[in-house]
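Visitor:
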Ligand code: GLC
């Protein structure tokens, strides 16, 4: 259907049909859905009629070709003009083949594999009838108390941006209309949802516009520059106004400044939440503020459906404001080819052959091996097949390794650690005991664990959080492992056996009680469907760990927020003329995190030398090459992530001590060395000045190159006009 026909379709629609096109409902309301309920039931208390459902524009949560085809078929029968539904769902890190959680994918620093994971997720979702995914989530995060850090790729704006682009490319491909097995992406949560006070989900976000633009907005912009079709508004306030009713954020910035003309959808219930936020007295005012702010689709509340017509009749809004939103939704349906084929790629036969294919699982395995981060290793890893292993912990044989936002996947499909390790050691060399539950322990469990550990050469602990202890509404004020697990570690450590700890978690943890009692720590995050196989291959050295942290691990929650790209302050700790006491420091812990951004160990060692710059000055229209030689000094091949950071030594406003500007992964054989080159341009030196102009300043810049954000070689140059 071309543009002209869309316009004539819009003109054929009654005002009620237009208004109802703006509501998104769960499958519960639709004939043909597996969970079809009564509109009068609890979910149905939204006060909507069958007519609203028949005219609705999109449904969320549908999946499975059979169910989607049924819902769409019924809907087309009930919809006067035969306007098809958009089928939307949360496909964040996999559909049925579940990949590591995005925070883990971030630690792979592997943009190609990230894109591949999104492409596979899109393919499995598309044959299951999904048209749009509510992903990528690109919220920058600095507070591990917040449960949804597991959904982000971390604390760096640049890195989050390149991952956002990769995910959008994977989901959408290069031509959403003509390419099969692709879904439209919806970047979320606009904006700065990752900065709630106290790390408490849905809490207030309040920051300067400069901080917002400098740190929190770049990744959304990167997703949109990559062609992302939709944006989802966040639950939180931005500068005192809830994002979902924030005209400055949506109309002025997103639409006018950035030129985004795609569909804007609220998060679940966020329009009606303008009332508890205290910026709307009732649903009618909530509808007024949201539509004036530019929101197109209202997810799972009915403020629009019940009030927009009245608001129009009262003259508070024009029909053209409604038309604007309806037309964007019709355009997205057109782009997805739904008017010609309302079922798009839904196909039961293809579902069977495509979903969870060996190739998909292999990609999940590869990404999991690259996402795990070796945090500590005191000559215990890699393990040897002849060693007798005691695998102990609540995650020893547990399928809860997929992480939140993996609804369509199944824990039964997950390769557990026990299953992974079985392929590494002879049966009689692998002893297993649960040792405790995730959050409780009893004497029998502890006794069994001690007994099994006593028979082993090495104890491998599988500890961590349940999926639901992170993710949405998964904030924790105490980010240590649960007491039960700390007790298990403490008791086992008294046996004086070597201990390797594998962590299953959705956030950086306070590792007190674990780090000092473990000879090695492998951070596995929620590694996904192939997690057990990936971890086993890493523990035995079939794969050399290469993951690097994209979010800092604090010493303790009292240190939060702690992140690498911080300012120097006027009293930096450790400065040459610094006083002992009166500097910015803690009396009880270091300022630096336990494990910094970019950190991760390998089974080999790499040396860095011969760092050079191609010149001492950089002109505005020129470029500069930074080079360094990296050598594999060990006897095992390995992947090294060479990172380049820049510091603007003197700015008009304070500037971070380091900002990631480039990185390169190099695979080196034992003894092999490689010269790695990075190109710098003036564009990478721009920042938001006091008046928010985005420009660079001439002057001195430091360049830091190294294996993480702390152990770096420093160079410097001058930007000249
Ligand atoms: C949730 C989440 C959002 C998700 C939406 C639909 O509340 O905040 O990320 O896409 O609802 O499930």
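Numbering (this note's numbering), first residue to last: -8 to 712. The beta-carbon is built from N, C-alpha and C at its ideal position, and this holds for glycine as well.
1. Can you tell me whether residue 49 is helix, strand or coil according to DSSP?
2. With DSSP as the reference, please indicate the residues paired to residue 321 in a beta bridge.
3. May I have the straight-line CA-CA distance separating residue 427 from residue 668, to the nearest angstrom?
4. Would you list, in sequence order, the uninterrupted alpha helix (DSSP H) runs of no fewer than 4 residues that lie entirely inside the region 210 to 269?
5. Output the boundary residues of the beta strand (DSSP E) element that contains residue 11.
6. Would you check whether the ligand GLC has a heavy atom nearer than 8 angstroms to the C-beta of residue 290?
7. Looking at C-beta atoms only, is the number of pairs between the region 255 to 267 and the region 277 to 290 that lie closer than 8 angstroms three or more?
8. So the beta strand (DSSP E) residue 177 belongs to, where does it begin and stop?
9. Should residue 441 be flagged as near chain C, meaning a C-beta pair shorter than 9 angstroms?
10. Whose C-alpha, out of 638, 651, 661 and 678, is nearest the C-alpha of residue 691?
11. For the region 271 to 338, which segments carrying the alpha helix (DSSP H) assignment without a break, of at least 4 residues, lie completely within its bounds, in sequence order?
12. Thinking just about the alpha-carbon of each residue, which of 357, 409 and 555 is nearest to the one in residue 99?
13. How is residue 501 classed by DSSP in three states: helix, strand or coil?
14. Can you give me the C-alpha to C-alpha distance between residue 626 and residue 370, rounded to a whole angstrom?
15. Let me confirm a value: residue 520 is counted as buried when at least 16 other C-beta atoms fall within 10 Å, else exposed. Which label applies?
16. Would residue 545 and residue 553 be called neighbours here (beta carbons separated by less than 9 angstroms)?
17. Using 10 angstroms around the beta-carbon of residue 659, count the other beta-carbons present and answer buried if the total reaches 16, otherwise exposed.
18. Please write down, chain order preserved, every residue whose beta carbon lies under 5 angstroms from a heavy atom of the ligand GLC.
19. Look at the Cβ atom of residue 282, then the Cβ atom of residue 302, and state whether they are nearer than 9 angstroms.
20. Our contact map puts residue 518 next to residue 392 with C-beta atoms below 8 angstroms; I'd like the distance itself, whole angstroms only.
21. Just mark residue 684 as buried or exposed, buried being the case when its beta carbon has 16 or more other beta carbons within 10 Å.
22. Applying the 10 Å Cβ sphere with the 16-neighbour rule, what's the burial state of residue 558?
23. Would you give the residue range spanned by the alpha helix (DSSP H) that residue 354 belongs to?
24. Quick one: what's got a C-beta closer than 6 angstroms to residue 69's C-beta in the same chain, skipping five residues either side?
25. For residue 151, report the span of its alpha helix (DSSP H) as first-last.
26. Just the C-alpha distance for residue 300 and residue 292, rounded to the nearest angstrom, thanks.
27. Determine contact between the region 74 to 90 and the region 394 to 405, defined as no fewer than three beta-carbon pairs at a distance below 8 angstroms.
28. Need the endpoints of the beta strand (DSSP E) that residue 601 sits in, please.
29. For residue 623, count the other beta carbons within 10 Å of its own beta carbon; 16 or more makes it buried, fewer makes it exposed. Which is it?
30. Relative to the C-alpha of residue 10, which residue among 309, 491, 395 and 463 is closest?
31. DSSP three-state label for residue 79, please.
32. Cα-Cα, which of 556, 575, 568 and 662 is closest to residue 636?
33. Drop a sphere of 10 angstroms on the beta-carbon of residue 586, count the other beta-carbons inside from all chains shown, and report buried for 16 or more, exposed for fewer.
34. Ignore the nearest five residues each way along the sequence and tell me which others in residue 523's own chain have a CB closer than 8 angstroms to its CB.
35. With residue 66 as the anchor, note down where its beta strand (DSSP E) starts and where it stops.
Guide: In short, the structure shows the following:
1. To locate residue 49, count along the chain shown from 1; it is residue 58. Of the three classes helix, strand and coil, the one that applies to residue 49 here is strand, per DSSP.
2. Reading the chain shown from its first residue, position 330 is the one you call residue 321. For residue 321, which the question treats as bridged, DSSP gives no partner whatsoever.
3. Working through the chain shown from its first residue, we reach residue 427 at position 436. Working through the chain shown from its first residue, we reach residue 668 at position 677. If I take the Cα positions, the gap works out to 50 angstroms.
4. Whole alpha helix (DSSP H) segments, 4+ residues: 265 to 268.
5. As a working note, residue 11 is residue 20 in the chain shown. Premise fails: residue 11 lies in the alpha helix (DSSP H), 6 to 11, not in any beta strand (DSSP E).
6. Numbered from its first residue, the chain shown carries residue 290 at position 299. Yes, Cβ of residue 290 sits closer than 8 angstroms to a heavy atom of the ligand GLC.
7. yes
8. Translated into the one-based positions of the chain shown, residue 177 becomes position 186. Note, residue 177: beta strand (DSSP E), 175 to 181.
9. Absent here is chain C; the protein component of the structure consists of one chain.
10. For this step, residue 691 is matched to residue 700 along the chain shown. Ranking 638, 651, 661 and 678 by Cα distance to residue 691 puts 638 first.
11. Counting whole runs of 4 or more residues, the region 271 to 338 contains the alpha helix (DSSP H) stretches 274 to 284, 294 to 304 and 310 to 326.
12. For this step, residue 99 is matched to residue 108 along the chain shown. Ranked by how close their Cα comes to the Cα of residue 99, the residues 357, 409 and 555 have 357 in first place.
13. Here residue 501 refers to the residue found at position 510 when the chain shown is read from its first residue. Strand at residue 501.
14. Here residue 626 refers to the residue found at position 635 of the chain shown. Here residue 370 refers to the residue found at position 379 of the chain shown. Using only the alpha carbons, I get a separation of about 14 angstroms.
15. Translated into the one-based positions of the chain shown, residue 520 becomes position 529. Buried, by the Cβ-count rule.
16. Reading the chain shown from its first residue, position 554 is the one you call residue 545. Reading the chain shown from its first residue, position 562 is the one you call residue 553. Going by C-beta atoms, residue 545 is nearer than 9 angstroms to residue 553.
17. Here residue 659 refers to the residue found at position 668 of the chain shown. Residue 659 counts as buried, since at least 16 other C-beta atoms from the protein chains shown sit within 10 angstroms of its C-beta.
18. 81, 125, 258 and 259
19. Position 291 of the chain shown, counted from the first residue, corresponds to residue 282. Position 311 of the chain shown, counted from the first residue, corresponds to residue 302. Contact flag set, yes.
20. For the purposes of this step, residue 518 is identified with residue 527 of the chain shown, where counting begins at 1. For the purposes of this step, residue 392 is identified with residue 401 of the chain shown, where counting begins at 1. The pair is a contact, with the Cβ atoms about 6 angstroms apart (cut-off 8 angstroms).
21. Locating residue 684 in the chain shown gives position 693, where the first residue counts as 1. Residue 684 comes out exposed.
22. Residue mapping note: residue 558 aligns to position 567 of the chain shown, counting from 1. Label assigned to residue 558: exposed.
23. Your numbering for residue 354 matches position 363 in the chain shown. Segment 349 to 362, the alpha helix (DSSP H) holding residue 354.
24. Translated into positions along the chain shown, residue 69 becomes position 78. Here the set comprises 45.
25. Start at 1 with the first residue of the chain shown, and residue 151 comes out as number 160. Where residue 151 is concerned, the enclosing alpha helix (DSSP H) stretches over 148 to 163.
26. Position 309 of the chain shown, counted from the first residue, corresponds to residue 300. Position 301 of the chain shown, counted from the first residue, corresponds to residue 292. When rounded, the distance between both Cα atoms is 16 angstroms.
27. Short answer: they touch.
28. What you label residue 601 is simply residue 610 of the chain shown in a count that begins at 1. The continuous beta strand (DSSP E) containing residue 601 extends over residues 597 to 604.
29. As a working note, residue 623 is residue 632 in the chain shown. Its Cβ being crowded by 16 or more others within 10 Å, residue 623 is buried.
30. In the chain shown, the residue the question calls residue 10 occupies position 19. Residue 309 is the option with its Cα nearest to residue 10.
31. Residue 79 sits at position 88 when you count from the first residue of the chain shown. Correct three-state label for residue 79: strand.
32. Against the chain shown, residue 636 aligns to sequence position 645. Per the Cα distances, 556.
33. For this step, residue 586 is matched to residue 595 along the chain shown. Result: buried.
34. For the purposes of this step, residue 523 is taken as the residue at position 532 of the chain shown. Result list for residue 523: 392, 405, 406, 407, 408, 409, 410, 411 and 412, in chain order.
35. Within the chain shown, the letter at position 75 stands for residue 66. Run containing residue 66: none in the beta strand (DSSP E); it sits in the alpha helix (DSSP H), 56 to 69.
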